[in-house]
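Chains as they are written, first to last, in the numbering used here: chain A, 1 to 398; chain B, 399 to 723.
Here the structure comes first, spelled out in structure tokens, and everything after it is commentary.
In structure tokens form, the structure reads like this:
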């Protein structure tokens, strides 16, 4: 699998006779850019595989993402929803990633990658059911909003602890390889999560064991309020890929064509070589970390304005207009329709009942063991004694 | 039947599990060619290849993270943590990931095919970091099963059950007994039930309850008690999560007395959980307070190991206190 890097380091290094430092910046890391903000393509840029049909699907997904995020923040402000996380400004990293993969590829995300799930066709009402923790939620109302997951769409359910999906993605991909699945795993995480031990563990495991996994870092400049310069001192996250012996690529994360090109290319490589790839996408979190924080306390309007001007969705729209695959009338109609759809879906989902009490104790194990069964029975009789104190579940107890 | 020590019984169980299913994998630090520092995985790489039995880098969180991913994908990973003392870098992967995978996804995904094997416990002059018994940290985590065998026969049957169980199982192996404990073990495939205690010896005056290597101590104390005219019922709990309340409660209802012993420190140890449950279940049958004979609330020592451990003499004294209460 690997050449003997230990012997290489001793026998094949350039010999020097006085101490000489190298640092992360000794490695030049180019950044891949294909599409300019005005919608024109850089001279000589290699386009990803994309036709009109795929391009309009990608754009419609981006638009849906933007509308859903805006509407759900508003719903949270109105007190209809407990919590929300937008991906404003970073939509291209996830929608473009999913668009470059095959449906059998597993997506293991952090929490700001709903765009990938949207591209895979997760229906609007399922997004809503999850956010409103109602009884139709695939996750049975157990996790905070935006912790989506779908077995059918190969989108691993989100978990809040940061970075845990990184070594898991290595294992998942290794299993795909051993079973000859002709599939890869993409693993999304932020530059903040890359400080977790699991990042280093996961990259090293994937590199040593030859797992066909694409590590995709969304370097969006902030981990809640902590800017990336207080998160690490090296040459971004990409420089670490080099250290682990992983093929490494840095791209403009607001450039949907660069994202698609990079992921298509990485997929081909990782599948053929059984070796991981890491992509560092430079982007910017235009929104707050979540509805629980306000970025005006830790960054400037000027900085935000600079990145507003790099809007990845507008950039793609400009490209579509230049291809004559899209026009302004279609655009207005699309956004208007999406806003109506989302509002209507909120109204439906918030009225659907919460899961029945029984779901409190299922899925801890494959079957409900005796001790939990006993606790459940005790809880049921307690609720029956004080039904008014537990109105969500008491009325539906048999 | 063949004569096996505990390591050979484990190796034999792993061999059976790997032979029956191509997607069963064994990995961990030094697990591959070397067969593990205790040799539990000896010969498996030779037999099943480097893709299915392999060394990993020194990263416990990486090992369990990798195993979680494999299990979610549909493979059957058997991950080894070289010493239970070193399981803590993987604590997050076990407690927040393995244990909650099924629940948090509404059963869209699960890691039920995961088994974690790890040698635990003292008695090998291992000091602070090669002697700990961290089982209680995991019994507080719904979603896990926690199993501890006491001898080769139990080890093989329980390990095969753990590997095939559709829930993540942590299998603590009493390393002091790896070579010291030998016995007759069927060469064929068999399983022992998880969640069921095993009454090793029936008796009428007092119930002695333990698991793993501590069972040997209980049996020794029980012999001393027998010489003093006290009849002990000795029970191996075998599975701590879930645990067999019924068997213990039935026994204590009969004897009226209970001593629980574990190697781990007494405070926050699993004996506290058992004592609380049993005093509720058997309150009117109890003749004396439930006693715990455990490790001291100190780190595991080296030079004073003999003094520190919950040995048969300490258990014997507790038996006398209980009977004479």
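Beta carbons are placed, not taken as given, at the ideal position from N, Cα and C, and that holds for glycine.
Through-space distance from residue j to residue i, alpha-carbon basis
i: residue 330(A); j: residue 365(A); result: 50 Å
i: residue 390(A); j: residue 356(A); result: 12 Å
i: residue 1(A); j: residue 207(A); result: Low confidence applies to residue 1(A): its pLDDT is 44, below 50, so where it sits in the model is not reliable, and the reading given next is rough at best. Computed Cα separation, rounded: 10 Å.
i: residue 284(A); j: residue 310(A); result: 9 Å
i: residue 460(B); j: residue 78(A); result: 42 Å
i: residue 170(A); j: residue 179(A); result: 14 Å
i: residue 269(A); j: residue 262(A); result: 10 Å
i: residue 598(B); j: residue 418(B); result: 31 Å
i: residue 403(B); j: residue 576(B); result: 7 Å
i: residue 223(A); j: residue 191(A); result: 7 Å
i: residue 225(A); j: residue 288(A); result: 9 Å
i: residue 601(B); j: residue 628(B); result: 9 Å
i: residue 593(B); j: residue 559(B); result: 11 Å
i: residue 312(A); j: residue 431(B); result: 51 Å
i: residue 437(B); j: residue 405(B); result: 7 Å
i: residue 410(B); j: residue 426(B); result: 18 Å
i: residue 699(B); j: residue 443(B); result: 36 Å
Per DSSP, the bridge partner or partners of residue i
i: residue 189(A); result: 217(A)
i: residue 83(A); result: In DSSP, residue 83(A) forms no bridge with anything.
i: residue 222(A); result: 227(A)
i: residue 456(B); result: Answer is none; residue 456(B) lacks a bridge partner.
i: residue 474(B); result: 422(B)
i: residue 150(A); result: 155(A)
i: residue 637(B); result: 545(B)
i: residue 607(B); result: 633(B) and 658(B)
i: residue 597(B); result: 633(B)
i: residue 580(B); result: 403(B)
i: residue 247(A); result: 277(A)
i: residue 572(B); result: 518(B)
Under 9 Å from the C-beta of residue i: neighbouring residues of chain A
i: residue 706(B); result: Correct list: empty, because the minimum Cβ distance to chain A is about 32 Å.
i: residue 696(B); result: Near residue 696(B) there are no residues of chain A at all, since even the closest Cβ is about 28 Å away, more than 9 Å.
Extent of the continuous alpha helix (DSSP H) run through residue i
i: residue 678(B); result: 668-679
i: residue 401(B); result: Element bounds for residue 401(B): not the alpha helix (DSSP H) but the beta strand (DSSP E), 400-403.
i: residue 318(A); result: 312-323
i: residue 97(A); result: 91-99
i: residue 719(B); result: 710-721
i: residue 391(A); result: 391-394
i: residue 592(B); result: Neither: residue 592(B) is in no alpha helix (DSSP H) and is coded neither H nor E.
i: residue 646(B); result: 643-653
i: residue 613(B); result: 612-625
Beta strand (DSSP E) segment containing residue i, residue limits
i: residue 693(B); result: 689-693
i: residue 279(A); result: 277-282
i: residue 518(B); result: 513-518
i: residue 659(B); result: 656-663
i: residue 34(A); result: Neither: residue 34(A) is in no beta strand (DSSP E) and is coded neither H nor E.
i: residue 72(A); result: Here residue 72(A) belongs to no beta strand (DSSP E); instead the alpha helix (DSSP H) covers 52-77.
i: residue 561(B); result: Element bounds for residue 561(B): not the beta strand (DSSP E) but the alpha helix (DSSP H), 550-562.
Contacts of residue i in chain A (Cβ-Cβ under 7 Å)
i: residue 516(B); result: The contacting residues do not exist; residue 516(B) stays about 17 Å from chain A at best.
i: residue 501(B); result: 142, 363 and 364
i: residue 505(B); result: 363
i: residue 520(B); result: Ordered by position in chain A, no residue passes the 7 Å Cβ test against residue 520(B), which lies about 28 Å from the chain.
Contacts that residue i makes with chain A (C-beta to C-beta distance below 8 Å)
i: residue 366(B); result: What is shown of chain B runs 399 to 723, which leaves residue 366(B) out entirely.
i: residue 541(B); result: 364 and 365
i: residue 490(B); result: 161, 164 and 198
i: residue 486(B); result: Residues of chain A passing the Cβ test: none, with the nearest at roughly 11 Å.
i: residue 449(B); result: 178
i: residue 699(B); result: By Cβ distance, chain A contributes nothing, its closest Cβ being about 29 Å from residue 699(B), past 8 Å.
i: residue 454(B); result: 205, 208 and 209
Cβ-heavy atom distance, residue i to the ligand FMN, below 7 Å
i: residue 455(B); result: The ligand FMN is not part of this structure, which contains no ligands at all.
Where residue i meets chain B, residues with beta-carbon distance less than 7 Å
i: residue 382(A); result: Here the premise fails: no neighbours, minimum Cβ distance about 17 Å.
i: residue 179(A); result: 421
i: residue 241(A); result: By Cβ distance, chain B contributes nothing, its closest Cβ being about 16 Å from residue 241(A), past 7 Å.
Cross-chain neighbours of residue i in chain B, by beta carbon under 8 Å
i: residue 19(A); result: Result: empty, since nearest Cβ-Cβ is about 28 Å, beyond 8 Å.
i: residue 234(A); result: Going along chain B, no residue has its Cβ under 8 Å from residue 234(A), so there is no contact; the nearest lies around 20 Å.
Chain B contact residues for residue i, given Cβ-Cβ distances below 9 Å
i: residue 149(A); result: 502, 503, 504, 506 and 507
When Cβ atoms are compared, which residues of the stretch 560-581 of chain B fall closer than 8 Å to chain A? Within the stretch 560-581 of chain B, the qualifying residues are 564 and 565.
Of all the residues that make up the stretch 151-164 of chain A, which are near chain B by a beta-carbon distance shorter than 7 Å? Per Cβ criterion, the list reads 151, 156, 157, 159, 161 and 164.
Residues of the stretch 421-438 of chain B with a CB closer than 7 Å to any CB of chain A: list them in chain order, please. Answer in chain order: 421.
Using a beta-carbon distance cut-off of less than 8 Å, what residues from the stretch 197-221 of chain A approach chain B? Per Cβ criterion, the list reads 197, 198, 200, 201, 202, 204, 205, 208 and 209.
Please name the residues in the stretch 114-140 of chain A whose beta-carbon is closer than 8 Å to at least one beta-carbon of chain B, in chain order. Cβ contacts with chain B: 137, 138, 139 and 140.
At a CB distance below 8 Å, what residues from the stretch 369-396 of chain A approach chain B? Give them in sequence order. Per Cβ criterion, the list reads 369, 370, 371 and 372.
Please name the residues in the stretch 458-482 of chain B whose beta-carbon is closer than 9 Å to at least one beta-carbon of chain A, in chain order. Cβ contacts with chain A: 458, 459, 460, 461, 462, 463, 464, 465, 466, 467, 468, 469, 470, 471, 472, 473 and 475.
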